[in-house]
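Worksheet: the structure to be examined is printed underneath.
2 protein chains.
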Amino acid sequence: MKKDMAEQTPNGNKVSLPVIKRLPKYYRYILDMYSNGVVKVSSSELARMMGTTASQVRQDFNCFGGFGQQGIGYHVDVLLDEIAKLLFSANSLNAVLIGTGRLGRAISGYLSSEARGYHLMAAFDKSPDEIGKKLQCGVVVQNVSNLSDFCVQNHPDVAVLCIPRSAAQAVAPVLVEAGVKGYWNFSHYDLSVDYEGVTVENVHLGDSLMSLGYRVRNL
Amino acid sequence: MKKDMAEQTPNGNKVSLPVIKRLPKYYRYILDMYSNGVVKVSSSELARMMGTTASQVRQDFNCFGGFGQQGIGYHVDVLLDEIAKLLFSANSLNAVLIGTGRLGRAISGYLSSEARGYHLMAAFDKSPDEIGKKLQCGVVVQNVSNLSDFCVQNHPDVAVLCIPRSAAQAVAPVLVEAGVKGYWNFSHYDLSVDYEGVTVENVHLGDSLMSLGYRVRNL
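Chains A and B, in that order, are what the protein sequence lines are.
Be aware that the first sequence starts at -5, since it is given in our numbering, and climbs by one per residue.
Be aware that the second sequence starts at -5, since it is given in our numbering, and climbs by one per residue.
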């Protein structure tokens, strides 16, 4: 199995990446139900919302211990609580932003205002125009030449890469060497190809716009 | 076949969504090769870069007529030209932005400065604080109550949704009725579930952060 295709659960089971990728969607649907006062939900109702099968839902939940009695339906509050425990933790993940151009600023705003469970510790850029400026969230942009020292001293969990491919390729060894394990990657350089033991979530905004363009023109 | 799983090519063939989704990645790799002076490339070299098989590459290209002689390798310039023709067109796609909060502003900046083939015509919000303000790209934010009239008169190709799920659900019938066919969707409401004949690219930033968090904590 490819190194990034499975992760350990707290109790040592392997959970496959597709299951992990479905967790946020379960969370969103179940949060909606909870907010609307729904008390119980069956695996087939969940399956309908998720666009999957009831047996897939039960299989997914069994990866994490099952989340309660399936015969009489799941308790929405229990489900919500259990899935939230999986997705978030009491301690926020500390993040550093690399690249404070237009996209980087946007993403820093999103991360510091709308994303649960993350704390933006610091931001870095190489441009003299950016260094010393303050982001909307209050973080002051540092010279990327400080990145290695900063990471060694402050142990960020996650780096957010809002830089071009070549810059990402150049900064990757610094981050990996300093022990950064997680990457929210908006660049076109996928670190997981060259480095073992890192976790990368790629977001390719440009790719989705290109496919959309093709599809709209060929409707 | 599900309605959004296949699209017509200009010559009437069906091209599956996974193939369409791979096109931007081909484009990026081939543009890189072209920029680096590479003249010819074989399907197996392409396959290695793409993380797939040579036969998959040939099959993908055959959906669009083959792109030249595979026995002696593909000409990089021809490939680049043909794939660019598929992904972009002489006429930009006209886009409207719905929601000019932090994310919407970020995305509008990306769309108007970094995305090839799109033109941001107009932006809409419901907040009195936003209406009348100018985005960095020069577009002035309009009241979302003008959206329907605007779309009927100006026929945008694509709507970019940077609003919460409930707002997206409320605005969807207005856009669909006005003939908007393409959606770059950052909301959690997937229009393609309720409307036929629309093309939706979902970007779930929050979901990717949640999966990343789970994976980093369970490494």
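Note that the Cβ used here is the ideal one computed from N, Cα and C, for glycine as well.
* Asked: If you run the structure through DSSP and keep just helix, strand and coil, what is Ser221 (chain A)?
  -> Any property of residue 221 (chain A) remains undetermined from this structure, which presents chain A solely from -5 to 213.
* Asked: With respect to the beta strand (DSSP E) encompassing Glu124 (chain A), which residues constitute its N-terminal and C-terminal limits?
  -> Element bounds for Glu124 (chain A): n/a, residue is neither H nor E.
* **8 Å Cβ cutoff, Val170 (chain B) in contact with chain A** => No - not a single Cβ of chain A is within 8 Å of the one on Val170 (chain B).
* At least one CB of chain A closer than 8 Å to the CB of Met204 (chain B): is that the case? -> yes
* Could you check which residue in A:Val194, A:Asp188, A:Gln53 has the C-alpha nearest to that of Ser37 (chain A)? => A:Gln53
* Helix, strand or coil: which one does DSSP assign to Tyr68 (chain B)? -> strand
* Just the C-alpha distance for Cys131 (chain A) and Ala84 (chain B), rounded to the nearest angstrom, thanks. => 40 Å
* Asked: Under the three-state reduction of DSSP, which class applies to Gly176 (chain A): helix, strand or coil?
  -> Assignment of Gly176 (chain A) by DSSP, reduced to helix, strand and coil, places it in the strand class.
* Asked: Taking just the CA atoms, how far does Val192 (chain A) sit from Leu141 (chain A)?
  -> 18 Å
* Using only alpha-carbon positions, find the residue among A:Ala153, A:Ser86, A:Leu199 that is nearest to Ala117 (chain A). => A:Ala153
* Does any residue of chain A bring its CB to less than 8 Å from the CB of Gly200 (chain B)? -> Under the 8 Å criterion on CB atoms, Gly200 (chain B) is classed as interfacial with respect to chain A.
* **Expected contact under 8 Å - CB spacing of Leu87 (chain B) and Gly207 (chain A) to nearest Å** => That belief holds up - the Cβ atoms of Leu87 (chain B) and Gly207 (chain A) are roughly 6 Å apart, short of 8 Å.
* Asked: Can you tell which of B:Ser121, B:Tyr183, B:Pro150 has its C-alpha closest to the C-alpha of Glu171 (chain B)?
  -> B:Pro150
* Taking the beta strand (DSSP E) that Ser10 (chain A) falls in, what are its first and last residues? -> Residues 8 to 10.
* Asked: If we count the other Cβ atoms within 10 Å of its Cβ and call it buried at 16 or more, is Arg110 (chain A) buried or exposed?
  -> Exposed.
* **Leu17 (chain B) vs Ile77 (chain B) beta-carbon contact at 8 Å** => yes
* Would you say Asn5 (chain B) faces chain A, with C-beta separation under 8 Å as the test? -> With a pLDDT of 48 at Asn5 (chain B), under the threshold of 50, the modelled position of this residue cannot be trusted; read the value that follows with caution. It does not: the Cβ of Asn5 (chain B) has no partner Cβ on chain A nearer than 8 Å.
* Asked: Mind listing which residues of the region 166 to 194 of chain B have their C-beta closer than 7 Å to chain A's C-betas, in chain order?
  -> The residues in question are Lys175, Gly176, Trp178, His182, Thr193.
* Quick one: does Ala84 (chain A) have its CB under 8 Å from some CB of chain B? -> no
* To do: Kindly list, in the order they appear in chain B, the residues whose Cβ is closer than 8 Å to that of Asp151 (chain A).
  => Val210
* Taking Cβ to Cβ, would you say Leu114 (chain A) is nearer than 8 Å to Ser106 (chain A)? -> In contact: Leu114 (chain A) and Ser106 (chain A) (Cβ atoms closer than 8 Å).
* State the start and end residues of the unbroken alpha helix (DSSP H) segment that holds Asn148 (chain B). => Where Asn148 (chain B) is concerned, the enclosing alpha helix (DSSP H) stretches over 141 to 148.
* With distances taken between CB atoms, is the gap from Tyr68 (chain A) to Val35 (chain A) smaller than 8 Å? -> The criterion of a C-beta distance shorter than 8 Å is satisfied by Tyr68 (chain A) and Val35 (chain A).
* To do: Look at Val70 (chain B) and Met27 (chain B) and say whether their C-beta atoms are less than 8 Å apart.
  => yes
* To do: Under 6 Å Cβ to Cβ from Gln163 (chain B), same chain only, skipping five residues before and after it: list those, please.
  => These residues qualify, in order along the chain: Tyr183.
* Secondary structure at Glu190 (chain A), three-state DSSP: helix, strand or coil? -> coil
* Asked: Using the beta-carbon count (16 or more within 10 Å), is Val146 (chain B) buried or exposed?
  -> exposed
* Asked: Should Phe55 (chain B) go down as buried or exposed, given a rule of 16 or more other Cβ atoms within 10 Å for buried?
  -> Buried, because 16 or more other Cβ atoms sit within 10 Å of the Cβ of Phe55 (chain B).
* **Short-range partners of chain E found in the region 96 to 122 of chain A, where Cβ spacing is below 9 Å** => The question asks about chain E, but that chain is absent: this structure's protein chains are A and B.
* Asked: Which residues mark the beginning and the end of the beta strand (DSSP E) in which Gln136 (chain B) is found?
  -> 135 to 137
* Hey, is Arg22 (chain A)'s beta-carbon within less than 8 Å of any beta-carbon in chain B? -> yes
* Residues that Pro18 (chain B) contacts on chain A, provided the C-beta gap is smaller than 9 Å -> His198, Gly200, Asp201, Ser202, Leu203, Met204, Ser205, Tyr208
* Cβ of Lys79 (chain B) within 8 Å of Cβ of Ser205 (chain A)? -> no
* Whole angstroms is fine: what's the gap from Ser29 (chain A)'s alpha carbon to Asp188 (chain B)'s? => 22 Å
* **Cutoff 6 Å; reference Thr94 (chain A); Cβ partners in own chain excluding five residues on either side** => Ala117, Asp119, Glu124, Val135
* Would you please verify whether the beta carbon of Lys15 (chain A) is less than 8 Å from any beta carbon of chain B? => Yes, its Cβ sits closer than 8 Å to a Cβ of chain B.
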